[in-house]
Amino acid sequence: LDAGEKEQLLRLRFREHLLGEGEARTAVSNGLVDLLYAACYDWRTTLGEGTCESAWTVVTLSATLAWLARFEEVPAKEVAVSCVRRCLAYPLYRHWRLALAVLDDVARVLALGAPAVLKCLLRLHALLESAEGEASLLNSLFLEDYLGWAQAGKGAASRQALLALGDAVRAAAVQPADMPAHFCALDSLSAAPEEAALEDSDDESSAGEESSDEDESREEGREGSRFDEAGDGGDGQNEPAPGRAAPLVTELPNAPAQPAADELVAAMARCATADGDGVEV
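Using my numbering, read the sequence shown as starting at 170 and increasing by one per residue.
What follows is the structure, encoded as structure tokens:
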């Protein structure tokens with residue numbers, strides 16, 4: 170923790186809660202997973218910078234903050250399914266592999282121990298504190314108590330308990346079959362990585378074929394241009410004289426010679442005399 174985060178912890182008021190061992194290991198621990206999932210999603214999608222929508226995102230993703238949900242199952246399966254389901258329904262970026270990646274981020278944070286958990290909770294506290302409306306009330310209801318509980322590092326907040334909770338999150342293994350029935354598009358997501366790999370290989374092969382076709386067409390174009398240059402009077406007869414522009418239409422090599430202008434005028438005069446018109450040219 171840096172100096173600012175330590176000062177933020179000193180400003181908070183911590184209350185002592187009388188929780189049973191079973192309740193602390195179920196509802197409180199699962200609620201911690203729910204809060205960490207919202208924090209990790211916002212961190213991953215905004216690269217840790219946050220946006221004006223970050224407070225809305227974390228409140229919407231966390232069922233604990235959104236509608237005071239309580240997860241009482243001993244394994245982390247129930248809360249993991251809830252987090253993935255809400256990730257696929259509410260935020261801006263909704264993708265199956267993104268939802269699972271954020272769940273893995275939660276397990277990594279828990280494996281790092283209390284300091285990493287405190288940093289995530291402090292970031293949530295800052296986001297809700299700066300949000301508009303009454304979102305800051307959630308700090309008094311949840312975040313401040315969770316910060317005090319995690320900072321104490323006792324019972325379910327101990328190093329060993331957080332490691333076990335991280336292992337339980339990894340072992341949850343959320344599948345498309347765990348989603349609601351109306352998420353019908355998720356039926357084929359179990360094989361999504363393999364299909365994506367096949368699509369990438371197909372794209373690479375098609376790109377290679379297209380590049381080879383383009384190379385062949387360019388080579389044919391070069392050969393055609395060389396053939397045209399060789400056929401356009403290789404003996405130099407059709408080359409324009411220096412200083413003169415090339416004619417727009419070149420004569421064929423074997424074309425008959427055109428008669429001179431004087432011969433044409435004489436021929437026209439003879440035709441006119443033969444007809445008796447008496448027209449002088």
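Beta carbons are placed, not taken as given, at the ideal position from N, Cα and C, and that holds for glycine. None of these values were measured; they are calculated from a predicted model.
- Rounded to whole angstroms, the gap between the alpha carbons of residue 176 and residue 276 is 27 Å.
- Contiguous alpha helix (DSSP H) elements confined to the stretch 272-343 occur at 283-298, 313-321, 328-340, taking only those with 4 or more residues.
- Residue 343 and residue 202 do not touch by the CB rule: their CB atoms are close to 12 Å apart, not below 8 Å.
- By the beta-carbon neighbour count (other beta carbons within 10 angstroms, threshold 16), residue 223 is buried.
- For residue 257, no alpha helix (DSSP H) run applies, since DSSP gives it neither H nor E.
- In this structure, 279 is the residue among 301, 339, 299, 279 with its C-alpha nearest to the C-alpha of residue 329.
- For residue 336 and residue 211, the gap between their C-alpha atoms comes out near 22 Å.
- Rounded to whole angstroms, the separation of the alpha carbons of residue 317 and residue 265 is 34 Å.
- The shortest C-alpha to C-alpha distance from residue 228 to any of 241, 247, 249, 206 is the one to 206.
- Assignment of residue 203 by DSSP, reduced to helix, strand and coil, places it in the helix class.
- Residue 351 is classed as exposed because its beta carbon has fewer than 16 other beta carbons within 10 Å across all chains shown.
- The continuous alpha helix (DSSP H) containing residue 226 extends over residues 223-230.
- For residue 173, the enclosing alpha helix (DSSP H) covers residues 172-180.
- Residue 269 holds the alpha-carbon nearest to the alpha-carbon of residue 246 among 269, 235, 226, 237.
- Rounded to whole angstroms, the separation of the alpha carbons of residue 226 and residue 236 is 14 Å.
- In the three-state reduction of the DSSP assignment, residue 234 falls in the helix class, which pools H, G and I.
- For residue 273, the closest alpha carbon among the candidates 340, 239, 348 is that of 340.
- As the crow flies, the alpha-carbon of residue 310 is around 13 Å from that of residue 298.
- For the 7 Å CB-CB criterion, residue 293 and residue 232 do not form a contact.
- Residue 333 and residue 303 have their C-alpha atoms some 35 Å from each other.
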